[in-house]
Amino acid sequence: MSAEKFEYLCRLGDSTLIIGQQLGKWCGHAPILEEDIAVANTALDLIGQATMWLDYAGKVEGKGRTADDLAYFRDSRAFRNVLLVEQPNGEFGATLMRQFLFDAWHLPLLEQLQSSTDPEISAIAEKAEKEARYHLRRSASLVKRLGLGTDDSHQRMQEALLALWPFTGELIEADDIDGIAQAEGYGADTVTIAEEACGNWSKTLLQAGLVVSEDVGMRSGGKTGLHSEGFGYILAEMQSLARAMPGAKW
Amino acid sequence: MIRLSGTDGTKPDPDQIWAWLREIPDPEIPVVSVVDLGMIRDVVWDGDCLRVAVTPTYSGCPATAVITLDIRRALEARGLDDISVEICRAPAWTTDWITPEGRQKLHAYGIAPPAHTAKCAGMLVRAEIKCPLCGSSQTELVSEFGSTPCKASFRCTSCLEPFDYFKPF
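Protein chains in written order, with the numbering used here: chain U, 1 to 250; chain C, 1001 to 1169.
As structure tokens, this is what we get:
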């Protein structure tokens, strides 16, 4: 097995799993019905993608772990999701901002992964990319509408952006694992992703009349398993049933 | 279990099996079959084992597990007992695979079929999406997502009825 490839696949799977789990909390609670449905559908797509990534991660690891084993029976330090996705939902506008920042990076990532030399990675990326395109279309459009909406909506979106922006650096910052994945051909081209994600962010934020602070310190750690305190609570909620009743089926 | 094999004792030919599969409704949009949606990619005999290749529509679509179970049950009810339903991920499913018959059934049911090819995925050009109820092109997008992952919510500004649009994907 390739330890680096397993790590790389866990990053892909864990980021989609955790943001899907976070979005799922809005089901039945979003401010309007259409958005409630949209957020739940987005969560469903992302959790579906996580299932495919983690299923493949388990096969690459070769220890017989399934996608469910990886999702429900690993502890915080073993998760490889980026810090952005574990940031609290906050109010609905903050969730939308987090989603936009994620989608604007996720789409170019999946576009690049389609040329992976690993046919399984390329197939999952091809499928997920079509979904991510709709996700970005929706989140970018809502960020613009709220950014250009009332003074109140503008201010809330601006505050959400300032709070979340420090977590975008980790998305486009390539480390050793990313480098190995790219060099071996199964990983994505990190330079292109960074350029396109930055392009997507700046285009929409400019149109939305929102600004980022240039000299902010970027936060990272999620990709190597160093998570925020709040992450433990996310896992507790997500994993408690599976751990209380291991092997339960319906 | 008795293997029902047609009158001459041979294995049912793939055309017959396709006909049986055409009777299996999609669990979420029962007016169309799994064949209409283009989800069945291949039906072949591998010795005595019937292999059915299925391509899921959306990554998280909860119907996928039900569909594979429905296929197995439907074929078992026809007397087949050695069936392998395999998930085939590449190439990815696209709305271009929905058959002309499937598109007609969607329209008749009140769901506007995809107005574009899948190359336009991610775009919802409302001017070209006709109301399946009155045929008007005066329609507007209500929400990018509808009652299932594959649909968006639209409203007709002529007859004022809301309707689902099956998104190009």
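Glycine included, C-beta positions come from ideal geometry on N, C-alpha and C. Here the structure is a predicted model, which means the values were calculated and not measured.
Report yes if the CB atom of C/Val1054 is closer than 8 Å to the CB atom of C/Arg1073, and no otherwise.
no
If you follow the alpha helix (DSSP H) that U/Cys198 is in, where does it begin and where does it stop?
Thr190 to Gln207
For chain A, check one thing: does any of its Cβ atoms lie closer than 8 Å to the Cβ of C/Pro1168?
Among the protein chains in the structure shown, which are U and C, there is no chain A.
Taking C-beta pairs closer than 9 Å, name the residues in chain C that U/Phe37 reaches, listed in chain order.
A quick correction: the sequence has Ile, not Phe, at residue 37 of chain U. Correct list: Ser1143, Phe1145, Gly1146, Ser1147 and Ser1153.
Where the beta strand (DSSP E) containing C/Leu1052 begins and where it ends:
Looking at the sequence provided, one finds Val at residue 1052 of chain C rather than Leu. Looking at the DSSP string, the run of the beta strand (DSSP E) that includes C/Val1052 is Cys1049 to Val1054.
Pick helix, strand or coil for U/Asp118, following the three-state DSSP scheme.
coil
Distance, Cα to Cα, U/Arg133 vs U/Gly20?
16 Å
Considering only residues of the same chain and omitting the five flanking positions on each side of C/Pro1162, which have a CB-CB separation below 6 Å?
Arg1155
Quick check for students: name the residue ranges of the alpha helix (DSSP H) that lie wholly in the stretch 50 to 104 of chain U, counting only runs of 4 or more.
67 to 72
CA-to-CA distance, U/Tyr56 to U/Pro119, given in whole angstroms
11 Å
Under the rule that 16 or more other beta-carbon atoms within 10 Å means buried, what is C/Pro1149, buried or exposed?
buried
Just how far apart, CA to CA, sit U/Leu254 and U/Gly58?
Nothing about residue 254 of chain U can be read from this structure; chain U reaches only from 1 to 250.
Listing by chain order, which chain C residues have their CB less than 9 Å from the CB of U/Gln49?
Ser1059 and Gly1060
Grab me the residues of U/Ala67's own chain with a C-beta within less than 6 Å of its C-beta, minus the 5 sequence neighbours each way, in chain order.
Thr51, Leu54 and Asp55
Which of helix, strand or coil does DSSP assign to U/Ser139?
helix
Starting from C/Arg1176, find everything on chain U with Cβ-Cβ shorter than 9 Å and list it in chain order.
In the structure as shown, chain C starts at 1001 and stops at 1169, and residue 1176 of chain C therefore has no counterpart that could be examined.
If we cut at 8 Å on Cβ distances, does U/Tyr134 have a partner in chain C?
yes
In the DSSP output, which residue or residues are listed as bridge partners for C/Glu1161?
In the DSSP output, where bridge partners are listed per residue, C/Glu1161 has none listed.
Is the stretch 146 to 160 of chain U close to the stretch 1105 to 1118 of chain C, with three or more CB pairs under 8 Å?
no
Closer than 8 Å, CB to CB, is U/Asn41 near chain C or not?
yes
Cutoff 6 Å; reference C/Thr1139; Cβ partners in own chain excluding five residues on either side
Arg1126, Ile1129, Cys1131, Phe1154 and Cys1156
Confirm, please, whether the CB-CB distance from U/His135 to U/Thr16 is below 8 Å.
no
For the alpha helix (DSSP H) that contains U/Ala30, what are its first and last residues?
Looking at the DSSP string, U/Ala30 is not in any alpha helix (DSSP H), and its letter there is neither H nor E.
Under a CB-based cut-off of 8 Å, is U/Asp45 close to chain C?
yes
If you draw a straight line from the C-alpha of U/Leu171 to the C-alpha of U/Trp165, how long is it?
11 Å
What's the C-alpha gap between U/Phe231 and C/Glu1076?
46 Å
Three or more C-beta pairs closer than 8 Å, one from the stretch 81 to 92 of chain U and one from the stretch 183 to 195 of chain U: is that the case here?
no
Buried versus exposed call for C/Asp1096 [16 or more other C-beta atoms within 10 Å across all chains shown]
exposed
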